[in-house]
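There are 2 protein chains.
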Amino acid sequence: MAAQTPDYAYLTELGQQLRVDAIRCSAAAGSGHPTSSMSAADLMAVLLARHLRYDFGAPELPGNDHLIFSKGHASPLLYAMYKAAGAITDDELLTFRKAGSRLEGHPTPRIPWVDVATGSLGQGLPVGVGIALSGKRLEEAPYRIWVLCGDSELAEGSMWEAFEQAGYSNLDNLIAIIDVNRLGQHGPTRHGWDTAAYARRIGAFDWHIIEIDGHDVVEIDRAYNEALAADGRPTAILARTKKGKGVAAVEDKPGKHGKPLSDPDEAIQELGGRRELHVTVAAPPSFQVAERPVAPPRLPRWDTGEQVATRTAFGAALAALGDARADVVVLDGEVADSTRAEQFAEAHPDRFFECYIAEQQMIAAAVGLQVRGWVPYAATFAAFLSRAYDFIRMAAISQANLRLVGSHAGVSIGQDGPSQMGLEDLAELQAVYGSTVLYPCDANQTAALVVAMADRPGISYLRTTRGETPVLYGPDEEFPIGGSRVIGAGPNDRLSIVAAGVTVAEALHAAEQLAGEGLPARVIDAYSIKPIDEATLRWAARETGHVLTVEDHWPEGGLGDAVLAALASDGQPPRFAKLAVSSMPGSATPAEQLRAAGIDAAGIADAARTLIKP
Amino acid sequence: MAAQTPDYAYLTELGQQLRVDAIRCSAAAGSGHPTSSMSAADLMAVLLARHLRYDFGAPELPGNDHLIFSKGHASPLLYAMYKAAGAITDDELLTFRKAGSRLEGHPTPRIPWVDVATGSLGQGLPVGVGIALSGKRLEEAPYRIWVLCGDSELAEGSMWEAFEQAGYSNLDNLIAIIDVNRLGQHGPTRHGWDTAAYARRIGAFDWHIIEIDGHDVVEIDRAYNEALAADGRPTAILARTKKGKGVAAVEDKPGKHGKPLSDPDEAIQELGGRRELHVTVAAPPSFQVAERPVAPPRLPRWDTGEQVATRTAFGAALAALGDARADVVVLDGEVADSTRAEQFAEAHPDRFFECYIAEQQMIAAAVGLQVRGWVPYAATFAAFLSRAYDFIRMAAISQANLRLVGSHAGVSIGQDGPSQMGLEDLAELQAVYGSTVLYPCDANQTAALVVAMADRPGISYLRTTRGETPVLYGPDEEFPIGGSRVIGAGPNDRLSIVAAGVTVAEALHAAEQLAGEGLPARVIDAYSIKPIDEATLRWAARETGHVLTVEDHWPEGGLGDAVLAALASDGQPPRFAKLAVSSMPGSATPAEQLRAAGIDAAGIADAARTLIKP
């Protein structure tokens, strides 16, 4: 509880101030979501003045509570809270949504008190679960996670992944405050003010449920106290509210979503005018994060010529990294035996998070864990990362440092068929802001890249292969991100074959065949697809005049397009051809699949002959 | 009920036969999921022999029930059912997972009795909801939808989107049969055999719940009868089963997922040996689909020079298309006012489906509706299609004909900030097998493309713009998919600027500026990004020698890369530059955003000068 204990009249006044300021900044911006802010103003007033423990002067303090606006469009309310807490000035409040202002339309971590970007609904609570998992399972920390949710976003499946994970994990440090204002963007929600309908559903997932009038500060205060009397369950406070509360022109009216009030001055008058209440927010309890020692890893080593799946190398390297670094955590989507993340789980069960088949929650939990300084690796089949693409997209806006691993890439998985084949993952992950995309071809290279990812900022992605591939490189070789390997370059080369992952060995076989036919070719192992080794590609293209790319991926957005983009602005682009998977695979052996797609050694050699001698 | 009423001993025998055949075909394949099949064998035996109404000789009959294996990995069981029903021979059963066989590792519509591909968990039930919506709301059809679900996939949020939509929509033609075998791939599920935990959860979503022993054919039969006694609610049958049931070496044992039995002969013996029971499956009731008249649409018309948002043109054209075609249906993710799908909703409320903020269910429902012959358009913000990317990926494997519309594309939305900006949607949708990607720049073009999409097979995507753009083309002009428009071409052009959507008008302004500086340039409006107009691009590149692309999208996988790929295999690639969004936007006006990203007229002109006079 706060040092001061403001009385209820004060809390009511504070709620009105938050409404007024939400209206004011939206009016100044000419856009924004004041009505969605007004419904939750009393909820946030009581939280700010009596329950939140947060030092706005020191957001890095590890004992600070976490406050997440899962309904990110209520940003005017959040920013009005910052003003009330003295964290920003009134002048800054009025920069809302203007160019250069950190007070964006939806909150992002450009603001030091915002952990993660929200605005794609249904993500704040799942991320909160990740922060709560850290607090309960890893840190034994005193902080609480307060998540303001909308009622509309309860339609998102990701919310139910979060309810399930939090209930199952007994996250009593997590409090979801659900602003049931009954009106979505386009119209009424399914359940309106029937908070009992939500209570049944969320309660069934083993949450503690409190139903209140979300405009009654006494009820709100009691609800927070009840939630904080932790009983091993997370709490959902279902607060019946009115959208646009307090202003007759918009209160509980449809068609008032996402726009400023038409007469803000009148509305402010109706709310009792401007106020300048200043809230002294309670300080966080003193808490020190336990040290997380980091040492250089002792990686597994493979001899050249061995046959090892890169997914196996990933698992072994990850376990070794976990030995060396106490900050590494791993998340699984119930396929750890396939991805080989299992090896980490066995070595470090305390830092392994089983998210079951809930990829959205898996990524969100990873985002939450990195908020608390952990170094998360999240692994599933490459194909199933597509399930969480919106979360990955938002993680980039959240400035999250996240390591994703997708196994079972491409047709080379063989018999399981197209539903299990990652064939769009390179396109998907390349089109993430600031991302890194890696696709190793052998075990030692994989291990090196797994280590490099740990210190890589942003979203990095490692694509692994199900089947065995030959170990081409020694265990002490280096593979910097942004680099490549040129294999078998000669002065008379007429072709550069650019491959990655499973196609590198195929390309080497093709180069052997071609050499025998008097068509010498070099192979470029483009293990770093983004950033790609532009200098080497240009050099090779100029030397050989012909470039052939080959990838186990759809033709769009993968290795070939990355190579093209790298070569395109060069003055002398080479003759070029791209090999990729261009028809829908069925079931077959890995070798049959590569053959059918034309990306095996024979397919590469054929394409090379066509390209060089047209 | 079936014409014959097989006795319970027969049903038990049939269950054993299904197990034996699942083991046999997996053994022949050397891979597959026999244990996941064995748990559900009794459930499917009773269904096939006593409750399913299906003519395997005439899968097109509109009265046929629908059977979906949401747990698609149990394909050996499905194929064993086909054999028992006489739909395939034993020889064909043993082609399971072999190259060229339609009996793939996970079911796909290459099999005539399979509606949709499954294998990415948590998708079969949401698609079943779509088929059920058609049956109840549009067709008043007698068919029932049986969906075999796994317990592991209950962790997927999409299942809860489906439970919510089905319960709310009173879909009593939908029966989810949940095979609670307590073991996932990597280990035990969260709730094991605690079917009461699932009953509480699913029941809270207003489903009728039946808990049974999934190996007791009497209980199973009673449960199906109870489910069919429709009471306005969908039914979930929670069946406690044992994975690998009937074979001691694998029964209820961990580590036995997704692999053939090590001693299939002994297992078959333990199950009582091979059987050759043949099931006469009940015929479907006679049912005729009501005619859905299709006439040429009378499209709205805009005059050149007007300022109209393409999203507005989309809404108006869609409503007009709905007037002309009774087969068009529209799905919304609770943003119909923003996407303008609202215009269709007002004109045709009976064919409008509000899916609330549940994009996965929205896409799945669209897939289900097209299974029943409807022509669905699903619209949300371009950014939020990323929420359903796995569903879109799978829809392509399902051979679905689906029209997706993404509004609010790019930085040009302005103040709302990056969470609301579709900046990866072109990459995402281009990397879908067989997809079509369209990005109109004006209202009349938009209307024409909306119509063209209706008859386009596969997944087609229309990207629309939030703000107004000038009408450039007359209302009677034609815009074939795969085409482009060349604007202002002259014999002395030194540059081709390739733009689409919001950047076309910017490119035209830039071309004006450049012409004044003695740098004549033409603009290519590449409204069809996939397939792209390769011939025109090559012609323009050769004529002008310089190509500059400009797009409101991340640099990866969008328009620029599509143009590069089209030009790359030409003998004489041009000098090239790509303009795209390369830093993370904040909030600002649309014009400020375009400026900051360097994709407005000034940015284009600058880049053109640099490209031409390096």
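Protein chains in written order, with numbering that gives the first Met the number 0: chain A, 0 to 613; chain B, 0 to 613. Just so it is clear, CB atoms sit at the ideal spot from N, CA and C, and this is done for glycine as well.
CA nearest to the CA of residue i, picked from the options
i              : options                           : result
residue 13(A)  : 381(A), 502(A) and 275(A)         : 275(A)
residue 547(A) : 534(A), 64(A), 110(A) and 566(A)  : 566(A)
residue 362(A) : 510(A), 395(A), 339(A) and 243(A) : 395(A)
residue 425(A) : 499(A), 517(A) and 482(A)         : 499(A)
residue 495(B) : 401(B), 467(B) and 537(B)         : 537(B)
residue 265(B) : 68(B), 26(B), 115(B) and 131(B)   : 26(B)
residue 629(B) : 595(B), 513(B), 273(B) and 358(B) : Past the boundaries of the shown model lies residue 629(B); chain B is included only from 0 to 613, so the question cannot be answered.
residue 172(A) : 130(A), 209(A) and 147(A)         : 130(A)
residue 210(A) : 185(A), 583(A), 240(A) and 448(A) : 240(A)
residue 187(B) : 353(A), 61(A), 449(A) and 583(A)  : 353(A)
residue 29(B)  : 182(B), 539(B) and 97(B)          : 97(B)
residue 140(B) : 81(B), 61(B) and 125(B)           : 61(B)
residue 615(B) : 459(B), 468(B), 93(B) and 15(B)   : No information on residue 615(B) is available, as it lies outside the stretch 0 to 613 that chain B covers here.
residue 31(B)  : 74(B), 169(B), 423(B) and 46(B)   : 74(B)
residue 340(A) : 311(A), 246(A) and 76(A)          : 311(A)
residue 614(B) : 204(B), 595(B) and 52(B)          : With chain B running from 0 to 613 in the structure shown, residue 614(B) is simply not present.
residue 368(B) : 54(B), 65(B), 22(B) and 11(B)     : 65(B)
residue 212(B) : 39(B), 577(B) and 455(B)          : 39(B)
Exposure label - residue i; buried when at least 16 CB within 10 Å
i              : result
residue 2(A)   : Note on residue 2(A): pLDDT 42, under 50, position unreliable in the model; no value is reported.
residue 104(B) : buried
residue 277(A) : exposed
residue 232(A) : buried
residue 483(A) : buried
residue 355(A) : buried
residue 400(A) : buried
residue 379(B) : buried
residue 224(B) : exposed
residue 88(A)  : exposed
residue 349(B) : exposed
residue 338(B) : buried
residue 125(A) : buried
Residue i at chain A interface by Cβ criterion, 7 Å
i              : result
residue 356(B) : yes
residue 531(B) : no
residue 318(B) : no
residue 232(B) : no
residue 385(B) : yes
residue 555(B) : yes
residue 0(B)   : Any answer about residue 0(B) is weak, because its pLDDT of 41 lies below 50 and its placement is not dependable; what the coordinates show is given next. No, no contact with chain A.
residue 260(B) : no
residue 68(B)  : no
Proximity test, Cβ basis, 7 Å: residue i and chain B
i              : result
residue 206(A) : no
residue 321(A) : no
residue 612(A) : no
residue 334(A) : yes
residue 428(A) : no
residue 478(A) : no
Assumed close pair residue i, residue j - CB separation to whole angstroms, cut-off 8 Å
i              : j              : result
residue 70(B)  : residue 17(B)  : Their Cβ separation, rounded to whole angstroms, is 15 Å, which puts residue 70(B) and residue 17(B) out of contact at 8 Å.
residue 316(A) : residue 435(A) : Incorrect: roughly 17 Å between the Cβ atoms, too far for contact.
residue 543(B) : residue 493(B) : 6 Å
residue 193(A) : residue 149(A) : Not quite, the Cβ-Cβ distance comes to about 15 Å (not below 8 Å), so this is no contact.
Continuous beta strand (DSSP E) assignments of at least 3 residues falling wholly in the stretch 356-390 of chain A: 374-380
Sequence ranges, beta strand (DSSP E) only - wholly within the stretch 273-314 of chain B, length at least 3: 306-308
Those runs of the alpha helix (DSSP H) which lie wholly inside the stretch 122-155 of chain B and span at least 4 residues: 123-132
Every unbroken beta strand (DSSP E) inside the stretch 418-483 of chain B [3 residues or more]: 435-437, 458-462 and 467-469
Ordered list of alpha helix (DSSP H) runs contained in the stretch 13-83 of chain B, each at least 4 residues: 33-37, 40-45 and 74-83
Runs of alpha helix (DSSP H) lying entirely within the stretch 171-206 of chain A, each at least 4 residues, in chain order: 194-203
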